[in-house]
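A.B. asks: Those protein sequence lines, which keep their order, are chains A and B.
The working numbering puts the first residue of the first sequence at 1, with every later residue one more than the last.
The working numbering puts the first residue of the second sequence at 1001, with every later residue one more than the last.
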Amino acid sequence: MESRAVISVRGLRKSYGGFEAVRGIDFDVAEGEIFGLLGPNGAGKTTTVEILEGLRQRSAGEVAVLGYDPEKESTEVKDRIGVALQATNLPDKIRVKEAAELFAAFYTRSADIEAILRRLQLWEKRNAFYSMLSGGQKQRLALALALINEPELVFLDEPTTGLDPQVRLEIHTLISRLREQRRTVLLTTHYIEEAERLCHRVAIIDEGRIVAMGSPRELQERVLGHARVEVKTMQPMPEELPEAWREGVATAFSDGRRQLAASAERPARVVVELVKWLENAGVEIEDLHIRRPTLEDVFLELTGKTLRD
Amino acid sequence: MRLKAYIAYTKVTLLLTARDRVVLFFNYLMPLIFFVAFGEGLGAATSPGAMAQVVSMVLMFGVLGTGFFGGGIRATMDREAGILRRFKVAPISPAPLLVASLVTGWAVFLPSVFLFIVLARWRYGWNGPENFGSLLFVVSVGVFAFRSLGLIIASVVNSMQESQIIAQLMYMPMLLLSGAAVPLHILPDWLQKLAQFLPSTHLYLGTQGILVRGETAWDNRAAIGAMLAAVAAGLAISIKLFRWEKEEKVKPAAKLWLAGILLPFILIGAWQVRDRQQERKMKILERQSRRSQSWLIRDVRIYTGGGAALDRGAVLIRNGRIERIYPGASPEPKEARAEGLEAGGRTLLPALIDSGAPLADPGARPDPQAEERLLAGYVYCGIGAIAAEADPRGAAAALKQRVDEGEILGPEIFPVERRASFSLAAAQAAAGDAALLHDDLARQFFPAGWLDSLAALAGQRPRRPELFEAARQQLLAMWKRGELPPPAGAAGGWLGVHGPALIHELRLWTEAGIPAAQALDAATALAAQRLGAAGRLGCVREGCEATLLVVDGDPLEDIGALSRIHSVFVRGERVQRGELASRNKTGQK
Chain A
1 MESRAVISVR
11 GLRKSYGGFE
21 AVRGIDFDVA
31 EGEIFGLLGP
41 NGAGKTTTVE
51 ILEGLRQRSA
61 GEVAVLGYDP
71 EKESTEVKDR
81 IGVALQATNL
91 PDKIRVKEAA
101 ELFAAFYTRS
111 ADIEAILRRL
121 QLWEKRNAFY
131 SMLSGGQKQR
141 LALALALINE
151 PELVFLDEPT
161 TGLDPQVRLE
171 IHTLISRLRE
181 QRRTVLLTTH
191 YIEEAERLCH
201 RVAIIDEGRI
211 VAMGSPRELQ
221 ERVLGHARVE
231 VKTMQPMPEE
241 LPEAWREGVA
251 TAFSDGRRQL
261 AASAERPARV
271 VVELVKWLEN
281 AGVEIEDLHI
291 RRPTLEDVFL
301 ELTGKTLRD
Chain B
1001 MRLKAYIAYT
1011 KVTLLLTARD
1021 RVVLFFNYLM
1031 PLIFFVAFGE
1041 GLGAATSPGA
1051 MAQVVSMVLM
1061 FGVLGTGFFG
1071 GGIRATMDRE
1081 AGILRRFKVA
1091 PISPAPLLVA
1101 SLVTGWAVFL
1111 PSVFLFIVLA
1121 RWRYGWNGPE
1131 NFGSLLFVVS
1141 VGVFAFRSLG
1151 LIIASVVNSM
1161 QESQIIAQLM
1171 YMPMLLLSGA
1181 AVPLHILPDW
1191 LQKLAQFLPS
1201 THLYLGTQGI
1211 LVRGETAWDN
1221 RAAIGAMLAA
1231 VAAGLAISIK
1241 LFRWEKEEKV
1251 KPAAKLWLAG
1261 ILLPFILIGA
1271 WQVRDRQQER
1281 KMKILERQSR
1291 RSQSWLIRDV
1301 RIYTGGGAAL
1311 DRGAVLIRNG
1321 RIERIYPGAS
1331 PEPKEARAEG
1341 LEAGGRTLLP
1351 ALIDSGAPLA
1361 DPGARPDPQA
1371 EERLLAGYVY
1381 CGIGAIAAEA
1391 DPRGAAAALK
1401 QRVDEGEILG
1411 PEIFPVERRA
1421 SFSLAAAQAA
1431 AGDAALLHDD
1441 LARQFFPAGW
1451 LDSLAALAGQ
1461 RPRRPELFEA
1471 ARQQLLAMWK
1481 RGELPPPAGA
1491 AGGWLGVHGP
1501 ALIHELRLWT
1511 EAGIPAAQAL
1521 DAATALAAQR
1531 LGAAGRLGCV
1541 REGCEATLLV
1551 VDGDPLEDIG
1561 ALSRIHSVFV
1571 RGERVQRGEL
1581 ASRNKTGQK
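See the structure below:
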């Protein structure tokens, strides 16, 4: 991505009293890119995003959003970005269309309300009260409101947290569409699948620091170049390992030597050797597969924590 | 773009409010219940003053309610629910939200003003308000001011609970001490003083002044100014302290900002406590309200002057005048839309006029309380007007104005160049005879100790009965010439017993041989004529001022009936004689 940086962050720090929520973060988001901030609750994602949105003041560092300083020029920034907040609400008795019209009035530029509501499948619900909407519909409305000013940059803070899997899928489809429209999106999430599915690039945040950054694929490869071969057998596997595994192959047995996980840089060769070794020993294979590392593994490896609560 | 945001937000807030049943309940139904309950309870149908009181009261309920519980609580609720958070990421300042709250409060409240005025006119036959525009203006400014207060509360609290507590803490005293819920004059003095610092008191006195006295908004400019200052301060402080999220807490010290918005009222309150304007106005409003009460005096003998009396009839008093005289059978009070007063065959006559009432020693220092007591003495004895010497300092004229406006209760004062000075009562005192002190009315009104010490003083004076006899002969001579002087108590000569002296005088006249009818006419119609008040005072006719006297018995046959007073009306107000007497007895040393 050689296009200009829509967001640029250098040495960003934020303290609340004595607590440092963000401890020196650097990253850029390019135009048309969907950038994910991945991390557990309390990692500093929301703080970072809110500084970018112009809602909070930073303690130190340089930040530019669409060329503006969100602290000093927050109105300019807010006018040009779209935001779907994590925990937010609208008045119970506001109708969908009224909410859209209200928010449209706040911005210099505004999209065609009917088109937006149609695009988010809310046009049929335009006269429904907010309180009557389902969780998914509420989240779609949040997205609609985030897009109401035809923003150059969209912030989606945990857009699917608390939604059931089917609705989450629905929202993912909508976000993918933003990706097709080449809009710049900054997404925070603690769902691995979301980041893997939607993001061009991901930064993994833990305890206020970025511990890794790159495309989901890059991260998987860079951090854990090893794929794992996992095998399950009917009988216990022999004590003696194949000659070739002495170097470069890490093994772990379980279930009374009936299960084995072997990681190596070239998993295909390990499979060949494994099959040969087990056949020679007369051990029957019940199941065998190669597992590519996921972001979850990456996260676990980098932070020693799991993402899920 | 900015104006667009204001309009859009206000529109949505209005829509949301209209959809909120709780808001509608508190804005319309609750005040309506109060309106009907107090309207029936306070006898609004028989008294435009009471009606005005009820209208002011429900308007105050509405303004304070929408201010403290509409504005403040709503904003806090939206913050707690995370609704304001969503607006925080839009490129708007808090101003459109705050302005929308003010405008909505106003728009929701305004119809209730029309509702209550229409109800008052239709259900209770009220004919107010004279200055509807001024009324609307004052209550509108009031809504804005109290909404601003509500918004500041929202700005300085950290939770719904705190918001409720502070709103209640401000709402209750402001409502109670404004005069809307409880008449201020029954409160202890220090509370009355405190009340003058509250915004609600200014608003209440403003609406009452407009409803009862026909004041305009301009007459209430000080209160309006203070309320507008509160709106400006309220908006500025709310914008400064505005918080979009409940996670943003404010320091406890921020609550001091509440004092900031109260500052204009503290300033104008301090100024008004100093020049007693507000206190004066409270008393005037109270008096106006009493003067506007409608009365139907039933089953009464009506002395119409010249020795003639209507044997049985009823008198309808409305707005301080005799509206109608019903000869024969009395109508029901309900038909006449008036409070009934059963006279049981007693006699109604015009209140008396004392044509010679020395008000104060020319050299003495003015003592407002003594002046009030002195005037009370006249009213207590059924004297509705007095002629007093106009003094170079203008004290009599100033007192006259205070009585006319209603700040103090008293007979109408006519400052004249030379008051009547012929007084048998004064001559009797000069002769060393203190009979006046044993008069029933004097005993009822003045402290016994004071009368006794006067009697002791009188006992030490030389008795010169010839002085009194000479005066008596002089009176008879004048009578025979057909030149009866205007009756004057001249406060009983050196005794200084204001009020009973005139009754005593009339008794002395009849004892001297003057017919009671002539003595009465001299003290009523003729005296009024001399003072240029013929046809207004000293008469019982339709259109006359309702300054009247009801006595037990027939004074034409027994002048002593004048001492057996049943009721006194002054400009339509039924005088609380018992209260006057007990206040005088405790107040006078």
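Quick reminder that beta carbons are idealized off the backbone N, C-alpha and C, glycines included.
So for T233 of chain A, helix, strand or coil by DSSP?
C.D. replies: It is a strand residue.
A.B. asks: Interface residues of chain B around D79 of chain A at Cβ under 8 Å?
C.D. replies: Within 8 Å Cβ-Cβ: P1091.
A.B. asks: Apply the 10 Å Cβ neighbour rule to M132 of chain A and answer buried if 16 or more other Cβ atoms are within range, or exposed otherwise.
C.D. replies: Burial call: exposed.
A.B. asks: By Cβ distance, which residues of its chain are closer than 8 Å to Q139 of chain A, with the 5 residues on each side in sequence left out?
C.D. replies: Around Q139 of chain A: A84, P159, T160, L163, V167 and I171.
A.B. asks: Taking 8 Å as the threshold (beta carbon to beta carbon), is K1251 of chain B in contact with chain A?
C.D. replies: No, K1251 of chain B does not count as interfacial toward chain A.
A.B. asks: Would you call the CB atoms of I25 of chain A and R209 of chain A closer than 8 Å?
C.D. replies: In contact: I25 of chain A and R209 of chain A (Cβ atoms closer than 8 Å).
A.B. asks: Give me, in chain order, the residues of the same chain whose beta-carbon lies closer than 7 Å to that of G1234 of chain B; leave out the 5 immediate sequence neighbours on both sides.
C.D. replies: Result list for G1234 of chain B: S1148, L1149, L1151, I1152 and I1261, in chain order.
A.B. asks: Near R1318 of chain B, which residues of its chain fall below 6 Å by C-beta distance, leaving aside the five closest residues on each side in sequence?
C.D. replies: Contacts found: S1294.
A.B. asks: Report yes if the C-beta distance between L1198 of chain B and M1174 of chain B is below 8 Å; otherwise report no.
C.D. replies: Closer than 8 Å, so yes.
A.B. asks: Interface residues of chain A around R1085 of chain B at Cβ under 7 Å?
C.D. replies: In chain order: L85 and T88.
A.B. asks: List, in chain order, every chain B residue whose beta-carbon is nearer than 7 Å to that of L102 of chain A.
C.D. replies: Residues of chain B passing the Cβ test: A1008, Y1009 and V1012.
A.B. asks: Out of B:D1275, B:G1356, B:T1216 and B:S1163, which one is the CA nearest neighbour of K1246 of chain B?
C.D. replies: The shortest C-alpha separation from K1246 of chain B is found at B:S1163.
A.B. asks: Anything in chain B within Cβ reach of I285 of chain A, meaning under 7 Å, just list it in chain order.
C.D. replies: Here the premise fails: no neighbours, minimum Cβ distance about 55 Å.
A.B. asks: I'd like to know whether the C-beta atoms of E53 of chain A and I81 of chain A end up nearer to each other than 8 Å.
C.D. replies: Yes; because the gap between Cβ atoms is below 8 Å, this pair is in contact.
A.B. asks: Starting from E1323 of chain B, trace the beta strand (DSSP E) both ways and give me its first and last residue.
C.D. replies: It spans R1321 to P1327 - the beta strand (DSSP E) in which E1323 of chain B sits, taken as one unbroken run.
A.B. asks: Can you pull the chain B residues whose beta carbon is under 8 Å from the beta carbon of L55 of chain A, in chain order?
C.D. replies: Simply K1088 and V1089.
A.B. asks: DSSP state of D28 of chain A, grouped into three classes?
C.D. replies: Three-state DSSP puts D28 of chain A in a strand.
A.B. asks: Go ahead and pull the three-state DSSP assignment for K1249 of chain B.
C.D. replies: Coil at K1249 of chain B, not helix or strand.
A.B. asks: Does the stretch 1419-1430 of chain B come into contact with the stretch 1282-1302 of chain B, if we say contact requires no fewer than three beta-carbon pairs (one atom in each stretch) closer than 8 Å?
C.D. replies: Counting Cβ pairs under 8 Å, fewer than three are found: no touch.
A.B. asks: If you scan the stretch 96-145 of chain A from start to end, which runs of the alpha helix (DSSP H) of 4 or more residues do you find wholly inside it?
C.D. replies: Here the runs fully enclosed are 96-104 and 113-119.
A.B. asks: Buried or exposed, going by whether 16 or more other CB atoms sit within 10 Å of the CB of D309 of chain A?
C.D. replies: With a pLDDT of 47 at D309 of chain A, under the threshold of 50, the modelled position of that residue is not reliable, and the figure given next carries that caveat. The residue in question, D309 of chain A, is exposed, as its Cβ has fewer than 16 Cβ neighbours within 10 Å.
A.B. asks: Output the distance between the C-alpha atoms of F299 of chain A and P216 of chain A, rounded to the nearest integer angstrom.
C.D. replies: About 11 Å.
A.B. asks: Could you work out which residues of chain A lie near R1019 of chain B, taking near to mean beta carbons separated by less than 8 Å?
C.D. replies: Near R1019 of chain B (Cβ distances below 8 Å), the residues of chain A are K93.
A.B. asks: Span of the beta strand (DSSP E) holding I210 of chain A?
C.D. replies: Run containing I210 of chain A: R209 to G214, per the beta strand (DSSP E) assignment.
A.B. asks: Can you name, in chain order, every residue of its own chain whose Cβ lies under 7 Å from the Cβ of L1064 of chain B, other than the five neighbours on each side?
C.D. replies: Answer for L1064 of chain B: F1146, Y1171, M1174, L1175 and S1200, listed in chain order.
A.B. asks: Give the straight-line distance between the Cα atoms of I1073 of chain B and W1106 of chain B, rounded to the nearest whole angstrom.
C.D. replies: Near 16 Å, if we compare the C-alpha coordinates of W1106 of chain B and I1073 of chain B.
A.B. asks: Name, please, each residue of chain B whose Cβ falls closer than 7 Å to the Cβ of E98 of chain A.
C.D. replies: V1012 and L1015, listed in chain order.
A.B. asks: For K1281 of chain B, return the contacting residues in chain A, with the cut-off set at a CB-CB distance below 8 Å.
C.D. replies: Neighbours of K1281 of chain B on chain A: none; closest Cβ ~43 Å, over 8 Å.
A.B. asks: Would you verify that the beta carbon of T75 of chain A is, or is not, closer than 8 Å to some beta carbon of chain B?
C.D. replies: With 8 Å as the cut-off, T75 of chain A counts as an interface residue toward chain B.
A.B. asks: Rounded to the nearest angstrom, what separates Y1378 of chain B and I1224 of chain B at their Cα positions?
C.D. replies: Cα to Cα, Y1378 of chain B sits roughly 39 Å from I1224 of chain B.
A.B. asks: Just checking: is the beta-carbon of G1070 of chain B within a distance shorter than 8 Å of some beta-carbon in chain A?
C.D. replies: Not an interface residue.
A.B. asks: Quick check: the Cα distance between I1297 of chain B and R1418 of chain B, rounded to an integer number of angstroms?
C.D. replies: Those two C-alpha atoms are separated by around 37 Å.
A.B. asks: Is the Cβ-Cβ distance between H1504 of chain B and G1493 of chain B less than 8 Å?
C.D. replies: Not in contact: H1504 of chain B and G1493 of chain B (Cβ atoms no closer than 8 Å).
A.B. asks: Three-state secondary structure (DSSP) at P1173 of chain B?
C.D. replies: Here P1173 of chain B sits in helix by DSSP.
A.B. asks: Do you know whose CA, among A:L145, A:A281, A:S176 and A:Q57, lies nearest T106 of chain A's CA?
C.D. replies: As written in the sequence, residue 106 of chain A is Phe, which differs from the Thr given in the question. Ranking A:L145, A:A281, A:S176 and A:Q57 by Cα distance to F106 of chain A puts A:L145 first.
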